[in-house]
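J.: As numbered in full-length UniProt numbering, residues 1 to 503 make up the sequence shown, in order.
The beta-carbon is built from N, C-alpha and C at its ideal position, and this holds for glycine as well.
Everything numeric in this text was worked out from a predicted model, so none of it was measured.
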Amino acid sequence: VQHGMDREALEIMTKRTPYLGSTNRNHETPLHSMNPDVLGAFLDSRVSATAEELQLNLNGLLPSKHKTNCSASETDLVWYLSESENLRPLLRHPVISTLIRIKWLFMRWLIYVMIVTSIAFATCFTIYSVQNSLIAEIFCWLLLSYYLIVVITTSIAGVYDILYQQPQHQTILRRSRFQFPKGFDFFHLLNKFREMSIVILAVWSLCSPNRTTSALLILLTGIDVIVHLGLFPSTALSTSIVMLETVSRGFLKILLVYAILIVSFGFSFYVMFTKSSGAENDADQPSTGEDFNNFSSIRGSLVKSLVMMIGEFDASEIPFDSHALSYFTFVTFVVLVTLVVANLINGVAVSDISEIRQEAEVAALAKWLENLRRFEKIFAHFEWIRRRTSFFYRYAPSVSVRLQEGNIIVLARIAAAGKSAKDSEEILNIFPGWGFFCHCIDPDTCSAAKDIVRRQNAVGIGAVPQEEYGERLLRLEQKVMKLNGAEAGEGKNFRESVRNGRV
């Protein structure tokens, strides 16, 4: 792969199926130098289908069974894909997305507990803030203790991964053609800040109740519920939540650029529409509704300018009689900010919804993978839990999807000696037909797998590469020439036999 021998590498991967997560002495895997087309062709070769079911071969994507140490991770290989800008789109491949979904199913109960706890946490604190109930306060303390344990555990695992695992991975990525899909993840830092803020505000609210603190806590717990709902394996739900994050990120990036213009207009309106006498004293006074419309305070002017950007002017309350230039300033704001900047921000943030949806699907899979990898690192030191959440300990590296039974997942157990055929397989038919709780393969993934099989059947699995056509045509011409020569020789012998009277 490192020498650009893509055809030979694909042939080796297809026939021998080596583990692609194996590292050399430089701690580099084959993926770090692999062309996305080669890996895509290899993944396509892992898909086969009949009229009744799909077969997904996971050989080469899972570590061997004999690797029972803590370093044998089943998500590291796919994590390398999510960290590569070139290979990241392959997360949507049916083989990779199915592997991520199966790993999610192995850890589903922990994720269910996290989601239920988040909803109960938000509900109890809302009831406590509204009614100040003693029972709600007791439940709030219990849920806060659990929430604090989860935050501390995940934070310790994250710090351990940064100190002991990330330096090695970053060294690998720098030596290879891998590139991080994004640099400083502001939203990831914002999520960590949200978790710590919830803990601090919850303790503060329980120890010394305050309506402002409780209101902010209710808002943060509601956001926390939405974030945890994104852990569901429902493509529609998780993609919608990731699209919300993607559009918000794009909107804030553009808004920060034009914030200087909005702030400038805010101060301009404050200076223009505020009376010079006592203006400094008015700036420190709490603003009323009339002061807000008249730009009588700096804080109110800035907020009023931001509100006016979306078209909420209330122009009848603005004192235009202070100066004739105030009309020109207001009209300039309407044209430049309300009409141009606001529409520009909306247009750029939601430029191509189909492209945003595709990126959101990949980002949702990457987010699932990030959480699964975090849990796997935590469970790596607990043997019983690690075996329960592992794939290669219990199952053969093959997945069947029964198309006629609602796209349910069927896994083949490894230790099936002495057991019946029924016990040799496990059907992951969890909550069938329950909408967001249905854990079967989604129809889009099945359609993509069927398209791969159709392309294979159209081209032919053993199709001759273009480079070999010339050699085969040359050999065919030589055979034709030999046959023509043999026929000419036989015709000459026949004519001689006629002359001699033998025929």
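Within the chosen definition, does the segment 267–276 reach the segment 230–245 through at least 3 CB pairs nearer than 8 Å?
T.: Because the criterion of three Cβ pairs below 8 Å is not met, the segment 267–276 and the segment 230–245 do not touch.
J.: Taking just the CA atoms, how far does Arg16 sit from Asn59?
T.: The straight-line gap from Cα to Cα measures roughly 9 Å.
J.: Indicate whether Val74 and Lys103 have their beta-carbon atoms separated by less than 9 Å.
T.: Sequence inspection shows Glu at residue 74; the Val mentioned does not correspond to that position. Yes, Cβ-Cβ distance for Glu74 and Lys103 is below 9 Å.
J.: Take Pro89 and list the residues in its own chain whose beta-carbon comes closer than 7 Å to its own, dropping the five residues that flank it on each side.
T.: Closer than 7 Å at Cβ, skipping near neighbours: Val362.
J.: Could you give the distance in angstroms between the alpha-carbon of Arg194 and the alpha-carbon of Val303?
T.: Answer to the nearest angstrom: the Cα atoms are 24 Å apart.
J.: CA-CA distance, Arg413 and Leu56?
T.: Cα to Cα, Arg413 sits roughly 15 Å from Leu56.
J.: Taking DSSP as the reference, what is the three-state secondary structure of Pro397?
T.: Correct three-state label for Pro397: strand.
J.: Would you kindly check if the distance between the Cβ of Gly347 and the Cβ of Ile298 is under 9 Å?
T.: Against a cut-off of 9 Å, the Cβ pair of Gly347 and Ile298 comes out as no contact.
J.: If we count the other Cβ atoms within 10 Å of its Cβ and call it buried at 16 or more, is Asp224 buried or exposed?
T.: Looking at its Cβ environment, which holds 16 or more other Cβ atoms inside 10 Å, Asp224 is buried.
J.: Could you give the C-beta distance for Leu201 and Leu216, rounded to a whole number, given that I count them as a contact under 8 Å?
T.: With 8 Å as the limit, Leu201 and Leu216 qualify as a contact, their Cβ atoms being about 6 Å apart.
J.: Excluding the 5 residues flanking Ser133 on each side, which residues of the same chain have their C-beta closer than 7 Å to its C-beta?
T.: The answer, listed in chain order, is Ile127.
J.: Can you tell me whether Ile12 is helix, strand or coil according to DSSP?
T.: In the structure shown, Ile12 sits in a helix (DSSP, three-state: H, G or I).
J.: Arg402 and Glu53 look like a contact to me (Cβ under 8 Å); what is the Cβ gap, rounded to whole Å?
T.: So it is a contact: roughly 5 Å between Cβ atoms.
J.: Check each candidate in Leu372, Leu10, Tyr258 and Asn371 and name the one with the smallest Cα separation from Leu336.
T.: Here the closest residue by C-alpha is Tyr258.
J.: Shorter than 9 Å from the beta carbon of Ala342 to some beta carbon of chain B?
T.: Absent from the structure is chain B; it holds one protein chain and no more.
J.: Nearest to Asn407 by alpha carbon, out of Ala449, Phe251 and Asp44?
T.: Selected option, being the one with the closest Cα: Ala449.
J.: Check for me: the beta strand (DSSP E) holding Gln55 runs from which residue to which?
T.: Its beta strand (DSSP E) spans residues Glu53 to Asn57.
J.: Have a look at Val334 and Gln404 and give me their C-alpha separation to the nearest angstrom.
T.: Spanning the two alpha carbons is a distance of roughly 59 Å.
J.: I believe Ile441 touches Thr221 by the beta-carbon criterion, under 8 Å. Please report the beta-carbon distance rounded to the nearest angstrom.
T.: Contact flag wrong, Cβ pair sits at about 33 Å.
J.: Using DSSP with H/G/I as helix, E/B as strand and the rest coil, what is Arg413?
T.: If DSSP states are grouped into helix, strand and coil, Arg413 belongs with the strands.
J.: Rounded to a whole number of angstroms, what is the C-alpha to C-alpha distance between Arg455 and Thr445?
T.: Between Arg455 and Thr445, the C-alpha separation is close to 16 Å.
J.: Go through its chain and collect everything with a Cβ distance to Leu372's Cβ below 6 Å, but skip five positions before and after it.
T.: Only Thr75 and Lys103 meet the Cβ criterion.
J.: Please check the pair Leu261 and Val331, which I expect to be a contact at CB under 8 Å, by giving their CB distance rounded to whole angstroms.
T.: Not confirmed; about 15 Å, so no contact.
J.: Just grab the DSSP bridge partners of Ile408 for me.
T.: In DSSP, Ile408 forms a bridge with Arg402.
J.: Return the chain-ordered list of same chain residues with a C-beta closer than 7 Å to the C-beta of Ser305, the five sequence neighbours on each side being excluded.
T.: Excluding sequence neighbours, Ser305 sits near Ile262, Phe265, Gly266 and Phe269.
J.: Using only the heavy atoms of the ligand ATP, determine whether one of them is closer than 8 Å to the beta carbon of Leu148.
T.: Within the structure as shown, the ligand ATP is missing, as the structure has no ligands at all.
J.: Kindly give me the distance between the Cβ atoms of Ile356 and Leu229, rounded to whole angstroms, as I take these residues to be in contact under 8 Å.
T.: No, Ile356 and Leu229 are not in contact; Cβ-Cβ is about 19 Å, not under 8 Å.
J.: Roughly how many angstroms lie between the CA atoms of Met309 and Ile318, to the nearest whole one?
T.: Near 15 Å, if we compare the C-alpha coordinates of Ile318 and Met309.
J.: Just verifying my parser: in three-state terms, what is the DSSP assignment at Ala49?
T.: Looking at Ala49 - three-state DSSP - the assignment turns out to be strand.
J.: Among the candidates Gly300, Met481 and Val453, whose CA atom is the shortest distance from the CA of Thr50?
T.: Nearest option by C-alpha distance: Val453.
J.: Determine whether the beta carbon atoms of Val242 and Asn191 lie at a separation below 9 Å.
T.: No, Cβ-Cβ distance for Val242 and Asn191 is not below 9 Å.
J.: How would you call Ala360, buried or exposed, if buried means at least 16 neighbouring beta carbons within 10 angstroms?
T.: Buried: at least 16 other Cβ atoms inside 10 Å.
J.: Going by C-alpha to C-alpha distance, which of Leu219, Ser208, Ile218 and Tyr147 sits closest to Val199?
T.: Per the Cα distances, Tyr147.
J.: Which whole-angstrom value describes the C-beta separation of Leu91 and Leu20, a residue pair presumed to lie in contact below a C-beta threshold of 8 Å?
T.: About 15 Å; that fails the 8 Å criterion.
J.: Kindly indicate the opening and closing residues of the alpha helix (DSSP H) around Ser82.
T.: Taken as a continuous stretch (DSSP letters only), the alpha helix (DSSP H) holding Ser82 covers Asp76 to Glu83.
J.: Nearest CA to the CA of Leu62: which residue from Arg211, Ser33, Gln131 and Ile96?
T.: When only C-alpha atoms are compared, the closest one is Ile96.
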